[in-house]
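Here the structure comes first, spelled out in structure tokens, and everything after it is commentary.
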Amino acid sequence: MSAAGTVVLEAQSASAPGAVRAAGRTAARASRRRRPRLTAPRRREYWNLVLLWLVFAVAAVTVVNTGMRIEVGAGVTTGCVLALALLPLWLSTALRYRHYPALLGLTAVSVASGLWLTAASAAAYEVSWSLAIQNSALLAGTVLTAGVVLWVRPVLSEWQIGLLFGAGLLLEATTIPGLDNPWKYQWGMPLAVLALAGAQAMRSRLLGILVLLGFVAASAFLDSRSLTGMFLVAAMILVLQALPLPRRLRHLGAGRVILLMLALGASAYVLFTRLALSGALGLSTQMRTQEQELRAGSVLLGGRPEMGATAGLFLHRPEGFGAGTILNPEGIAAAQQAMSRLNYDPDNGYVYNYMFGRSLEVHSGVGDLWALFGPPGLLLAWC
């Protein structure tokens, strides 16, 4: 080979790495040009999906916290804190529901009434403004968290809301110390909510009825008459919904719905009383029911002497007492006299310490709302 040819080959050999690098850069640029990019519509779809999952997570956490009801101070719960933090997101959606604006407005009026009654009672009663704030925050927080649940309805199905709320109730139950009747005060309601959510997920009304009847039996066996009555009424409502009723009976007005609920409650009361007196719900339940019926003439009045206290307090001061008012001896005497008419001895620690010690508690949602917030609270109780 000639010298010129050798030089040419050496030059080509020396330039080979540079050529390879140049070819690699060219291929990389071509690959980048061929790489598919997200178009504007696809980018919007991607971020909408991310936003949807974020809303789903926020909604789930909020519903769980609503069920947990962990108090952070002064009657404010974690669910209430989340509801206030998310207020700009959920308020406009909740206000679109038919009755929520009226409920929200009536709650505001009730809180104002409770504070005004507390101030007006200061001359005759001992008042506690910290107690007034606590009771007002509890009422307001309940209605605010209800608005959050309305907001999450388009995101979560009914059974998902029930499952998350039941999980919150169950988590709260784990924090409660040992009680005399754990089923009644801890586990009964959370487990029922979870079981009914499962039945709703399976879209089986029959399964829901069977679940409720099972909880009726469990509550009766575990000496919880209040839960037994509630589960029995709920089961009767589901049975009524399952019946092939005419269309006009499936769309009732508010007045007829109230009458129907009263009729169902009365039917459940009669059925439960007969079962209890017959001994079908256990010997202890039978003996206690017999004693209460003999003493007050009615299981309802005998088992709830607080109803007598509510009636006595209403006659004593119809306008209510206030969210932070503590009864004086005259008010306690009025309640005790009414309870005595039911053949109940009110001279005990339960009355002095729990009902009228450092607060006003008559063991009834309707009675408590009236006593703490006056006539607006009474109206709110029936909404």
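So the sequence shown is numbered by the working numbering: it starts at 2 and just counts up by one. Note that the Cβ used here is the ideal one computed from N, Cα and C, for glycine as well.
Inset, instruction - Out of Phe-357, Ser-122 and Val-59, point me to the one whose CA is closest to Leu-157's CA. - result: Here residue 157 refers to the residue found at position 156 when the sequence shown is read from its first residue. Nearest of Phe-357, Ser-122 and Val-59 to Leu-157, Cα basis: Val-59.
Legend entry - Collapsed DSSP secondary structure at Thr-176 in the structure displayed: Working through the sequence shown from its first residue, we reach residue 176 at position 175. Residue state, collapsed to three classes: coil.
Inset, instruction - Measure the CB-CB distance between Leu-140 and Ser-122 and report whether it falls below 8 Å. - result: Numbered from 1 along the sequence shown, position 139 holds the residue referred to as residue 140. Numbered from 1 along the sequence shown, position 121 holds the residue referred to as residue 122. No, Cβ-Cβ distance for Leu-140 and Ser-122 is not below 8 Å.
Inset, instruction - For the beta strand (DSSP E) holding Pro-74, just list the boundary residues, first then last. - result: Position 73 of the sequence shown, counting from 1, holds the residue named residue 74. Looking at the sequence itself, residue 74 is Gly, so the reference to Pro does not match. Residues 72-74.
Legend entry - Any 3 or more C-beta pairs closer than 8 Å across the stretch 90-97 and the stretch 187-200: no
Inset, instruction - Label Ala-277 either buried or exposed according to how many other C-beta atoms from any shown protein chain fall within 10 Å of its C-beta, with 16 as the threshold for buried. - result: The residue you call residue 277 lines up with position 276 of the sequence shown. Buried is the call here.
Legend entry - Beta-bridge partners of Ile-327, as assigned by DSSP: Counting from one through the sequence shown, the residue named residue 327 turns up at place 326. Answer is Glu-127.
Inset, instruction - Let me know if Thr-108 comes out buried or exposed under the rule of 16 or more other beta-carbons within 10 Å of its beta-carbon. - result: Against the sequence shown, residue 108 aligns to sequence position 107. Answer is buried; the Cβ neighbour count reaches 16.
Legend entry - Distance, Gly-358 Cα to Ser-341 Cα: One-based indexing of the sequence shown puts residue 341 at position 340. One-based indexing of the sequence shown puts residue 358 at position 357. Approximately 19 Å, taken between the alpha carbons.
Legend entry - Selection from Tyr-186, Ile-71, Val-64 and Ala-264 that minimises the alpha carbon distance to Met-237: The residue given as residue 237 occupies position 236 in the sequence shown. With distances taken between Cα atoms, Met-237 lies closest to Ala-264.
Inset, instruction - Would you please state the rounded distance, in angstroms, between the beta carbons of Ser-225 and Trp-184? I believe it to be under 8 Å. - result: Taking the first residue of the sequence shown as 1, we reach residue 225 at position 224. Taking the first residue of the sequence shown as 1, we reach residue 184 at position 183. 6 Å between Cβ atoms; contact.
Inset, instruction - Look at the Cβ atom of Leu-272, then the Cβ atom of Leu-241, and state whether they are nearer than 8 Å. - result: Along the sequence shown, read from residue 1 onward, the residue named residue 272 stands at position 271. Along the sequence shown, read from residue 1 onward, the residue named residue 241 stands at position 240. Result no, Cβ atoms of Leu-272 and Leu-241 do not sit closer than 8 Å.
Legend entry - Cβ pair Ala-324, Thr-63 closer than 8 Å: Working through the sequence shown from its first residue, we reach residue 324 at position 323. Working through the sequence shown from its first residue, we reach residue 63 at position 62. Contact: no.
Inset, instruction - For Val-110, name the three-state secondary structure that DSSP assigns. - result: Residue numbering aside, residue 110 sits at position 109 when the sequence shown is read from its first letter. Helix at Val-110.
Inset, instruction - Verify whether the separation of the beta carbon atoms of Leu-165 and Val-65 is less than 8 Å. - result: By 1-based counting over the sequence shown, the position of residue 165 is 164. By 1-based counting over the sequence shown, the position of residue 65 is 64. Closer than 8 Å, so yes.
Legend entry - Cβ pair Ser-365, Thr-311 closer than 8 Å: If you number the sequence shown from 1, residue 365 lands on position 364. If you number the sequence shown from 1, residue 311 lands on position 310. Cβ distance < 8 Å, so Ser-365 and Thr-311 count as in contact.
Inset, instruction - Over the uninterrupted alpha helix (DSSP H) stretch that includes Leu-239, give me the two end residues. - result: The residue given as residue 239 occupies position 238 in the sequence shown. Counting along the chain, the alpha helix (DSSP H) containing Leu-239 begins and ends at 226-243.
Inset, instruction - Rounded to whole angstroms, what's the CA-CA distance from Pro-155 to Trp-130? Just pull it up for me. - result: Along the sequence shown, one-based indexing puts residue 155 at 154. Along the sequence shown, one-based indexing puts residue 130 at 129. Their Cα atoms are separated by approximately 39 Å.
Inset, instruction - For Val-352, name the three-state secondary structure that DSSP assigns. - result: Indexing the sequence shown from 1 puts residue 352 at position 351. Here Val-352 sits in helix by DSSP.
Legend entry - Minimum C-alpha distance to Tyr-353 - residue among Val-51, Leu-260, Glu-331 and Ala-138: For the purposes of this step, residue 353 is identified with residue 352 of the sequence shown, where counting begins at 1. With distances taken between Cα atoms, Tyr-353 lies closest to Glu-331.
Legend entry - Coarse secondary structure for Val-156, derived from DSSP in three states: The count along the sequence shown starts at 1 and reaches residue 156 at position 155. Three-state DSSP puts Val-156 in coil, outside helix and strand.
Inset, instruction - Indicate whether at least one CB of chain B lies closer than 8 Å to the CB of Leu-239. - result: Looking at the structure shown, chain B is missing, and only one protein chain is on hand.
Legend entry - Buried or exposed (CB count within 10 angstroms, at least 16 for buried), Ala-243: Sequence index remark: in the sequence shown, residue 243 carries index 242 (1-based). So Ala-243 ends up on the exposed side.
Inset, instruction - Could you tell me if Cys-384 is buried or exposed, where buried requires 16 or more neighbouring beta carbons within 10 angstroms of its beta carbon? - result: Here residue 384 is taken as the residue at index 383 of the sequence shown, counted from 1. Classification for Cys-384: exposed.
Inset, instruction - Could you check what DSSP says for Val-212 in three-state terms: helix, strand or coil? - result: To locate residue 212, count along the sequence shown from 1; it is residue 211. Looking at Val-212 - three-state DSSP - the assignment turns out to be helix.
Inset, instruction - Check whether the Cβ atoms of Gly-169 and Gly-68 lie closer than 8 Å to each other. - result: On the sequence shown, position 168 is the one that residue 169 refers to. On the sequence shown, position 67 is the one that residue 68 refers to. Yes; because the gap between Cβ atoms is below 8 Å, this pair is in contact.
Legend entry - Neighbour-count burial assignment, Val-51, 16 or more Cβ in a 10 Å radius: For this step, residue 51 is matched to residue 50 along the sequence shown. Answer is exposed; the Cβ neighbour count stays below 16.
Legend entry - Three-way DSSP call (helix, strand, coil) for Val-363 in this model: Within the sequence shown, numbered from 1, the residue matching residue 363 stands at position 362. Three-state DSSP puts Val-363 in coil, outside helix and strand.
Inset, instruction - Report the rounded CA-to-CA distance for Leu-53 versus Trp-152, giving the unit in angstroms. - result: One-based indexing of the sequence shown puts residue 53 at position 52. One-based indexing of the sequence shown puts residue 152 at position 151. Approximately 14 Å, taken between the alpha carbons.
Legend entry - Cβ separation of Val-144 and Leu-105, assumed to be a contact under 8 Å, to the nearest whole Å: Counting from 1 along the sequence shown, the entry for residue 144 is found at position 143. Counting from 1 along the sequence shown, the entry for residue 105 is found at position 104. Going by Cβ atoms, the distance from Val-144 to Leu-105 rounds to 6 Å, so yes, they are a contact pair.
Inset, instruction - Express the C-alpha separation of Ser-268 and Leu-261 in angstroms, rounding to a whole number. - result: For this step, residue 261 is matched to residue 260 along the sequence shown. For this step, residue 268 is matched to residue 267 along the sequence shown. If I take the Cα positions, the gap works out to 10 Å.
Inset, instruction - Express the C-alpha separation of Leu-55 and Arg-36 in angstroms, rounding to a whole number. - result: To locate residue 36, count along the sequence shown from 1; it is residue 35. To locate residue 55, count along the sequence shown from 1; it is residue 54. In this prediction, Arg-36 scores a pLDDT of 49, lower than 50, which makes its location untrustworthy; the coordinate-derived value is nonetheless stated afterwards. Looking at the two C-alpha atoms, the distance is approximately 29 Å.
Inset, instruction - Measure the C-alpha to C-alpha separation of Pro-377 and Phe-322 and round it to an integer number of angstroms. - result: Here residue 377 refers to the residue found at position 376 of the sequence shown. Here residue 322 refers to the residue found at position 321 of the sequence shown. Cα to Cα, Pro-377 sits roughly 12 Å from Phe-322.
Inset, instruction - Could you check the C-alpha separation between Asn-182 and Gly-215 for me, to the nearest Å? - result: By one-based count along the sequence shown, residue 182 stands at place 181. By one-based count along the sequence shown, residue 215 stands at place 214. In a straight line, the C-alpha of Asn-182 is about 18 Å away from that of Gly-215.
Inset, instruction - Using DSSP bridges, identify the partner residues of Val-77. - result: Within the sequence shown, residue 77 is the residue found at index 76, counting from 1. The partner list for Val-77 (beta bridge, DSSP) reads Gly-74.
Inset, instruction - Measure the C-alpha to C-alpha separation of Val-280 and Leu-380 and round it to an integer number of angstroms. - result: Here residue 280 corresponds to residue number 279 of the sequence shown, with the count starting at 1. Here residue 380 corresponds to residue number 379 of the sequence shown, with the count starting at 1. A small fix is needed here, since residue 280 is Gly in this sequence, not Val. Those two C-alpha atoms are separated by around 39 Å.
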